[in-house]
Structures are given as structure tokens and as C-alpha cells.
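Q: Residue numbers (the numbering used here), protein chains in the order written: chain Y, 118 to 348; chain G, 118 to 348; chain U, 31 to 249; chain S, 31 to 249.
So that we are looking at the same thing, I have put the structure below in C-alpha cells.
See below:
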């Protein structure tokens, strides 16, 4: 098996240039690539376009990249919970493309799957439809949406092996497996890295073919946004 | 959890009418719903349109349904290995729609996923492209293909639970998980049926939402087409 | 006038055995508390979980297990986990039967606005546009009027649209209303002590009143 | 003239470290036997396996584990299993770097025919149309001439096309040829003892001969 291991986050993100397009897995703060975000903060790059369902919070996740003015544009479905984000957006420093969450997920999947465009019902009759081709199938209207691809995709998994195979945990899976398929280079950070052959082939969520670099991350904070307990 | 259990194959296929459209999982003879095929053979129905990657062999799998003249049309990617099939095709008793395997898989996935049409590169410049819309994206040509849906989809899994969650084994997975999503009614036969809660939610290949009926099959023959061993 | 919990309680009566349901943030989340135990239903969370369980105890909390509102949750028996593309595949494909969500405005032909107020910070539509474009049955839970007293049931939505001709039923603090296929809010039930006249005066869109309009009953 | 095994052996030299490869039925399957041990490559089977291992022993045989040619196989260390939609997603998405397959005809602009002979029973294209429309590098393994002695390297394919402008290289029993981006078969190597004249006489399409044409070397 092909060995995809790199030493750490610093090595994994060392060649990410300014002004490139990145995808980052995660939903809210769950399943985000914490180690790679920290390593990116040490890099002197800017002008990034980031595809991510959310944009983190002020002092965690993608919010940290925003604070350091490394981001030119966010492509997301929901970007609340972030005062610095709002400030940059209103001042015109930051661009935002808002996309229905299912359309975002399907566009990313299409990017990895070689499907340049597809029809979806989400957004028909709304401002999302502006400028888009629409067509009726079986009496219902649909919009034509195009694939999304990135220069790099950065994902976080639970377990991984040296061949790049990944297993996610709980709802930390979210956008990670599809983004892994849509980056020219996919970087995966995992909580536990094992030798190829140690994972059950039947339980793998992301086949190693999609992953170019993998390393075992450390010190995961896994911050909780809405700590909700039963009474 | 919703209990999807039915008693056996006979009960599962009891209401499948003549002239309806069926999807059947499997690649070659691997992962085919042996029990449901046997139960269908006892039914007095005909005029079926079957979507299946292959058409079985003369005396096993879908070949048995063909022999009993229950099938009007096959939608497949590869249909060799079957003399009775060839006879019916040449005599005009049977219609066949041949579709590139990846297009077949993606059309079935689209049927389950609410995507009425998508662009794919397979078949550009070939007779598969005849009558289809084509379009260029990023300098490459693609064909517009539409979703495939069925009245019933019949799949075979390794393990399943009463909530309809399925786990497949080896390459017996193949078309089964996507076909499970594209039938109005999905019938799943499994080698081992366990109570809801006994399967690890992280290891499930087909979430129970797609499955309407499930039962534990018996006497699996699992015939091998090309028994190949190393010297 | 109904409390938020009573709105949720009334909506829970719409739930049928065997349904897969997506509950939006706010009042819709409360609906889960009122679904009768004898009904077998499964709650979907669009971030990748079928079978949302109760909120966790302090000991059970797992940061890798949240719902679409980013709240920590547990998994019910027989749950399944999946990625975001698969999640919206099951939503768009019509496998989720019922979507319950909040709204800022609903129009008499079933259009819904719930994602954007011009001039205010735009947070995004999240999964709402996919949900309303997909499920066969969409029920809105909301207050009948805005805080400033304006009706939220209109002839046409004034705010940017989330989806067109999709809402089937609305449960507010004052009434239960259905969208007529030919347009209009059909009044079905009144909140205890609320008159038809009051509902009429607070509904800006066309209201259809046919026969007796019973009061809701809460056990 | 090369044997089938020698064609496979020559093609194996085209394999690069770190590649994901799909091998078609027939001669392409034999290529696996000649890939040098020091190369780390992964073989994909379009029915849902990355990491095809050797054929099983009698004891290892598992009817639930076959390749796209329906042969029983084993899994290499670090394998992954997936469904058919995912399999062709990775093929169409360009993640499989190299496809090696057989052909009935190849044209001088890289068109390939390998799925249908008019008047004969049509078995179907299987995954071939997806494979040739997707991979960056497509190498054809075939005999230079048909059994009746007709050239299979033509100006234009006479049989129904499987894919257009996709073949990059052809290894036959007589020669290694590349498709020129501007059209034509560029002769790169001769089989041991086979003359340029013989290859020329058996190539119906335009052949391009530049400089010395070395004989292939087999260790």
C-alpha cells in the first residue's frame, strides 16, 4: 500500500499558497481539523477562499483564520456566531457566498465524483435561483448547480491508516468524507493513526485513494457550542 | 425505532404486481437476493422490468426469472453468460437497455437522492449519446443523464437490524446500497437479522430510512462464477 | 393563546406512526417532547444522524455527537450515522416524510420566508431551502404575529423567500391553518379562548372559514 | 512477437509508484503479475474494492469477494470496500490514474472500440465507457492484428466506439505505440526481432516513425 504519512500538521500544510481554494470539513465546531488550522495560523499566507459549512466562532476554528485576515472569501451555508466575521463582512473585507446546505454538500460530492453539474430542487423561486438555468422534471422545477473543487481539502477523522483510509466518529463525519474527494490534495488529520491493514476494509468511510497526506493530530480541544444536557 | 420485519421472502414479495419496475442488487452472482428471487418464481406475475447490473446465468439468479418468462425488459450494463437470455433477445421476446456501469450506478443513486438529471462524461461520442443533450464543461464534453427509480428494490445484505439498517460484506455490497435508496418499497434480505441497537451506528452502510421490509434469509448458495485460485 | 410548548404539543398530534421527521431549531425541537411513546418515529438531524435520542447526561456528553442546532445529543437505539451528502440525498429524495420548522412569514399559497431580513446581518439558509423543497409534508411552527404586532400570514411574503408553495400546515399561538391548494389559509382550529374574529383580524392573507371551527383540546 | 504475458510485462513498466490502477479483463489482468515489488500501487476493482490481492487459496475462497471479471480474489493490506456509485465516482473523478484495457480497434486519434460487434450478440459495455472517459492515462493491451489478419490500428474505428480521443498508448504483440496529440501512431519500440516494415505493413492508420526505434528488452 502507498504510504501517505507526513510528520505533522506543519509539514502537511507547508506548501499551501496564498490565494488558493481550501475545503475544510466540519459542522459547527464538530469534526474540524484543529491541528491544521493551528498550523495554517503560523503560515504567512492570505487571500484564501474557504469552502466550509460554517465559519467557526470568534476564537476557535475558522474564526481564528478570519481574525488573522487570511481569508478573502467564505463559501458556506450558515455563518452566524462570529462577531469578527460580521465586522469584516459589513466593512467589505470579506466576501461570502451562501449556498443551501444540501446543494453545498452535493456540489462538493459532484466535484470529487466527476459530475460537472446536476439538477436540484433547493432554492427554486428564491434569490439562490438568480442567473441559474432551471428545468422541469416530472412536474417539479429544479435548478442546475455545478461542481465545487478545491486546491486542498483538509479533513479530520477519528481513525486513519498509513494508506489514507479514514473512519469518522458520530456526527463529526459530516462534510469530511465528501470534501476529502474534492481537493486536488487532501490532507487528513486523525486522532489515531494505525498501520495499513489494521482497519477493517468493510468499516472504512473514506477509501485511501482520496487522501494524499495523513498524520496523527494532538491535543484536540473539541469545543462544544451548545452544551445541552437532559434534566 | 420503526420495526420493518416481515416473516420471510414470500411475505416480502407477495404484493409485487405484473408489469412493474424492480431493481435488484448484485454484481455477477455476488450479493444477489437469492431468497426473494426464489419467492418471485412462485408468483404468477410477468412483464417485469428489472434494473440489475447483470442478468444472472442460465440456472441461477435473474436467469431463473428469465427462464420462466417473467421479464419483459432488462436495464443492465453487462448481460453475457446466459444462453436463454440470448435466445429471448434474438427472438424479440426480451428488451434490453444497455447502460455504462458508472452511469447506471449514478442514475440509481440520483433516483434515491432526488437529483433528476446530471452530466457525465461516459459515452460521449458513442451510440450511448444518441438523442441525449451534451454540454461542455471546462473543455470536456458531458452527456445529460436522468435518474432511475423503481417500484420495488430488492437487496441482499450481510447483517441487518429490525429498523432496516444494513451492513454488507466484501464486494457483495456493489449496487445494493444505492438500489435500496431508489425503490418506492425496498425489500432487504439479510444473512443475520438482529434487534435494533445491536449494530454499531458508525458501521452501517444503508440507514434504515431506505428499507421498508426486512427478513432473515436462509440457505444461501452463493454460487461462484469464476472460481480462481492461486497456484 | 398557546405557549411555545403548547404549539409543539399541538404539532406532535400531526406525527404519524412510522414517520421519519426533521425538526428545525426552536419550537420544532420541542415537538420531540410531545410525541406519544406508542408511536415509532425516527428523528433525522441533517448533520448526519438518523435516530436522535434525548439530550445527554453530563457523563454522556460527547462533543462528536451534536444535532443540527449544534446541541449535544445522544443516539436512539437503531441509529445510523452518515455524511452530509447522504443526509441531503435522503432529504431531497423524499425519504424524510415530515419537516417541522419555524418561519418569519408564510404566504397564502404556501411560500415561506425564514432565512434573511434585508439590512440585517445574513447568517445563511443552512439546510432550510433543501428541506422545504423536498419533504412531502411541511408544517410551520410560529407566532401568528411579529413582536411589533404585524401578521406573519400574508397574501405574499415580503421577505426573501426560502421556498415556494411548500408549506402544508401552520400552527401558531392562535390557530391551526392549512394552505388551500388553490390559495388561502383554511382555519381548522382555534386556540382555547381565541375567537375567529381575532384570528381573522391578525391574518393579513386570505382566510377561508368553513363550518364549525373547534377549539384545540390539550390533555 | 510478444506473448500475452510479455505484453503484460511490457505494460507493467508504465506503472509508476503511488498509482491507483484499474486493470481490465484478459491481458490487463496479467499486468499485476509483473509490477515490481518495490512499487507501491493499488489495484481498483470497479465492483467495489481498492487493493486487490492475489487469487485466494482453496481455503481462502470467499464468494462475497470477487473482482470485476467475477474471479475470486483476496484483499491486500490496507484495502477499502465501497458501493458501485462510489466506485465510479472515484473513476470519473480522476482519482484512478491509470486504466489498462483490451480493445478490438484503436484509431489514430485515440478512439477505442471494444464493446460491440454489429450482428453478434451484444453483451454490454460494463464499466468500459466510464473508464475510458475518465482516467488521465489509458493504455491498451491487444494483438496488433485480428485473427483474420486485419490491422486493429486504424485511421478510424469501424466498430461502434467505446470512447473518443482517450487512448494514450498501445502495447501489442509487435510494438509499443503512442497516440500523437495531433493524430497518428508514434512508433516507440519494436518487439524483439520484428522489423519496422512489418509493423508498418500491419498498421492501417497513420504511423509516425521518428529516429531510432529500439527493440524492447525483457529481463
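Note that beta-carbon positions come from the ideal geometry of N, C-alpha and C, so glycine has one too.
Taking the alpha-carbon positions, what's the residue 127 of chain G to residue 254 of chain Y distance?
A: Cα to Cα, residue 127 of chain G sits roughly 36 Å from residue 254 of chain Y.
Q: According to DSSP, is residue 278 of chain G helix, strand or coil?
A: strand
Q: Please classify residue 87 of chain S: is it buried, with 16 or more other beta-carbons within 10 angstroms of its beta-carbon, or exposed?
A: Answer is exposed; the Cβ neighbour count stays below 16.
Q: Which of the residues in the stretch 321-333 of chain Y, read from start to end, lie with their CB under 7 Å from any CB of chain S?
A: 321, 324, 325, 326 and 327
Q: Can you give me, in chain order, the residues of the stretch 333-348 of chain Y that have a beta carbon less than 8 Å from any beta carbon in chain U?
A: Flagged, chain order: 339, 340, 341, 342, 343, 344, 345, 346 and 347.
Q: Jot down the residue ranges of each uninterrupted alpha helix (DSSP H) in the stretch 157-200 of chain U, minimum 4 residues, whole runs only, in chain order.
A: 158-162
Q: So, is the C-beta of residue 125 of chain U closer than 8 Å to a C-beta in chain G?
A: yes
Q: So with CB distances below 9 Å, who are the chain S contacts of residue 314 of chain Y?
A: 106, 107, 108 and 109
Q: If you measure between the beta carbons of residue 83 of chain S and residue 72 of chain S, is that distance less than 8 Å?
A: no
Q: Which chain Y residues sit within Cβ distance under 9 Å of residue 254 of chain G?
A: 233, 234, 263 and 264
Q: Closest by CA to residue 273 of chain Y, which one among Y/242, Y/335, Y/301 and Y/251?
A: Y/335
Q: Residue 101 of chain U: buried (16+ other C-beta within 10 angstroms of its C-beta) or exposed?
A: buried
Q: So, helix, strand or coil for residue 316 of chain G, using DSSP?
A: DSSP places residue 316 of chain G in the coil class of the three-state scheme, outside both helix and strand.
Q: Can you give me the Cβ contacts of residue 152 of chain U inside the same chain, cut-off strictly under 7 Å, excluding the 5 residues immediately before and after it?
A: 146
Q: Specify, as a first and last residue, the run of the beta strand (DSSP E) that residue 190 of chain Y falls within.
A: 188-193
Q: Do you know offhand how far residue 217 of chain G's Cα is from residue 233 of chain G's?
A: 18 Å
Q: What residues in its chain sit with their C-beta under 7 Å from that of residue 245 of chain G, if we drop five residues either side in the sequence?
A: 217
Q: What does the alpha-carbon distance come out to for the pair residue 42 of chain S and residue 49 of chain S?
A: Each residue's alpha carbon lies about 12 Å from the other.
Q: Just how far apart, CA to CA, sit residue 218 of chain U and residue 37 of chain U?
A: 14 Å
Q: For residue 223 of chain U and residue 131 of chain U, what's the separation of their Cα atoms in angstroms?
A: 26 Å
Q: What's the gap between the Cα of residue 318 of chain G and the Cα of residue 225 of chain Y?
A: 24 Å
Q: Please state if the CB of residue 143 of chain S and the CB of residue 79 of chain S are separated by a distance shorter than 8 Å.
A: No; because the gap between Cβ atoms is not below 8 Å, this pair is not in contact.
Q: For residue 198 of chain U, tell me which candidate among U/184, U/185 and U/215 has the shortest Cα-Cα distance.
A: U/215
Q: Considering only the beta carbon of each residue, do residue 260 of chain Y and residue 251 of chain Y sit closer than 8 Å?
A: yes
Q: Note down, in chain order, each residue of its chain lying with its Cβ closer than 8 Å to the Cβ of residue 211 of chain Y, except the 5 sequence neighbours on either side.
A: 183, 188, 189, 190, 191, 202 and 205
Q: Find the nearest neighbour of residue 206 of chain U within the set U/148, U/249, U/225 and U/155, judged by alpha-carbon distance.
A: U/225
Q: With a cut-off of 8 Å, do at least 3 Cβ pairs link the stretch 150-169 of chain Y to the stretch 101-121 of chain U?
A: no
Q: Output needed in chain order: residues of the stretch 153-173 of chain U with a Cβ under 8 Å from some Cβ in chain G.
A: 164
Q: Does residue 36 of chain S come out as helix, strand or coil in the three-state DSSP assignment?
A: The answer is helix: DSSP assigns residue 36 of chain S an H, G or I state.
Q: Classify residue 128 of chain U: buried if its beta carbon has 16 or more other beta carbons within 10 angstroms, exposed otherwise.
A: So residue 128 of chain U ends up on the buried side.
Q: Assign residue 332 of chain Y to buried or exposed, taking buried as 16 or more other Cβ atoms, counted over all protein chains shown, within 10 Å of its Cβ.
A: Classification for residue 332 of chain Y: buried.
Q: Give me, in chain order, the residues of the same chain whose beta-carbon lies closer than 7 Å to that of residue 306 of chain G; leave out the 5 immediate sequence neighbours on both sides.
A: The beta carbon of residue 306 of chain G is closer than 7 Å to those of 126, 150, 152, 153, 273, 332 and 334 in its chain, skipping five residues each way along the sequence.
Q: In angstroms with no decimal places, state the Cα-to-Cα distance between residue 124 of chain U and residue 222 of chain Y.
A: Rounded to the nearest angstrom, the two C-alpha atoms are 17 Å apart.
Q: Should residue 162 of chain U and residue 187 of chain U be called a contact, given that it needs their Cβ atoms to be closer than 8 Å?
A: no
Q: Quick one: what does DSSP say residue 172 of chain Y is sitting in, helix, strand or coil?
A: coil
Q: DSSP three-state call for residue 235 of chain Y: helix, strand or coil?
A: strand
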